[in-house]
Amino acid sequence: MIESYHGHLKMDHLWVREPASFSETRELLTEALRHYNEERPHSSLDYLTPIEYEKKKQEEAKA
1 MIESYHGHLK MDHLWVREPA SFSETRELLT EALRHYNEER PHSSLDYLTP
51 IEYEKKKQEE AKA
(Lines of atoms letter the chains of each structure in order from A and count residues from 1; the text may use other names and numbers.)
(Lines give C-alpha, C1' and ligand atoms only; values in the text may rest on other atoms or scores of the structure.)
Protein backbone atom coordinates (compact mmCIF):
# COMPACT_ATOMS: atom_id res chain seq x y z
CA MET A 1 0.00 0.00 0.00
CA ILE A 2 2.78 2.45 0.83
CA GLU A 3 4.35 1.84 -2.58
CA SER A 4 1.11 2.97 -4.19
CA TYR A 5 1.08 6.12 -2.07
CA HIS A 6 4.69 6.94 -2.94
CA GLY A 7 3.97 6.43 -6.64
CA HIS A 8 1.02 8.82 -6.54
CA LEU A 9 2.98 11.29 -4.45
CA LYS A 10 5.74 11.47 -7.04
CA MET A 11 3.58 11.45 -10.16
CA ASP A 12 0.77 13.72 -8.94
CA HIS A 13 2.69 16.17 -6.77
CA LEU A 14 6.49 16.13 -6.69
CA TRP A 15 7.07 15.82 -10.44
CA VAL A 16 4.41 18.45 -11.17
CA ARG A 17 5.70 21.10 -8.78
CA GLU A 18 9.28 20.99 -7.55
CA PRO A 19 9.49 22.63 -4.11
CA ALA A 20 12.17 25.28 -3.67
CA SER A 21 12.48 25.09 0.12
CA PHE A 22 11.91 22.84 3.10
CA SER A 23 8.74 24.70 4.08
CA GLU A 24 7.40 24.40 0.54
CA THR A 25 8.15 20.68 0.64
CA ARG A 26 6.27 20.37 3.93
CA GLU A 27 3.26 22.22 2.47
CA LEU A 28 3.33 20.05 -0.65
CA LEU A 29 3.47 16.83 1.38
CA THR A 30 0.66 17.98 3.66
CA GLU A 31 -1.52 18.78 0.65
CA ALA A 32 -0.61 15.47 -1.02
CA LEU A 33 -1.59 13.49 2.07
CA ARG A 34 -4.87 15.40 2.40
CA HIS A 35 -5.66 14.80 -1.27
CA TYR A 36 -4.82 11.09 -0.99
CA ASN A 37 -7.10 10.61 2.03
CA GLU A 38 -9.95 13.02 1.29
CA GLU A 39 -10.31 13.36 -2.49
CA ARG A 40 -8.75 10.41 -4.30
CA PRO A 41 -10.95 7.30 -4.65
CA HIS A 42 -9.22 3.98 -3.94
CA SER A 43 -10.11 0.84 -5.86
CA SER A 44 -9.39 -1.28 -2.76
CA LEU A 45 -12.09 0.70 -0.91
CA ASP A 46 -14.82 0.23 -3.54
CA TYR A 47 -13.77 3.50 -5.20
CA LEU A 48 -14.43 5.57 -2.09
CA THR A 49 -11.96 7.91 -0.47
CA PRO A 50 -10.53 6.66 2.84
CA ILE A 51 -12.59 9.30 4.66
CA GLU A 52 -15.81 8.19 2.91
CA TYR A 53 -15.00 4.54 3.56
CA GLU A 54 -14.43 5.17 7.28
CA LYS A 55 -17.74 7.08 7.56
CA LYS A 56 -19.55 4.25 5.77
CA LYS A 57 -18.08 1.66 8.15
CA GLN A 58 -19.04 3.74 11.19
CA GLU A 59 -22.62 4.09 9.92
CA GLU A 60 -22.84 0.35 9.26
CA ALA A 61 -21.59 -0.38 12.78
CA LYS A 62 -24.34 1.83 14.25
CA ALA A 63 -27.09 0.03 12.30
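Position 3 of the sequence shown, counting from 1, maps to 3 under full-length UniProt numbering, and the rest follow consecutively. All residues carry an ideal CB built from backbone N, CA and C; glycine is no exception. Just so you know, these numbers come straight off a predicted model, no measurement behind them.
Item: Heavy atom of the ligand SAM within 7 angstroms of H13 beta-carbon; Value: Summarising the ligand content, the structure contains no ligands, and the ligand SAM is consequently not present.
Item: Limits of the alpha helix (DSSP H) - the one that A32 falls within; Value: 22-38
Item: Beta-carbon gap between H5 and Y47 smaller than 8 angstroms; Value: The amino acid at residue 5 is misidentified as His; the sequence shows Tyr. In this structure, Y47 does not lie closer than 8 angstroms to Y5 by Cβ.
Item: For E59 and E24, the rounded distance between their alpha carbons; Value: 37 angstroms
Item: Element boundaries [alpha helix (DSSP H), containing E54]; Value: 50-62
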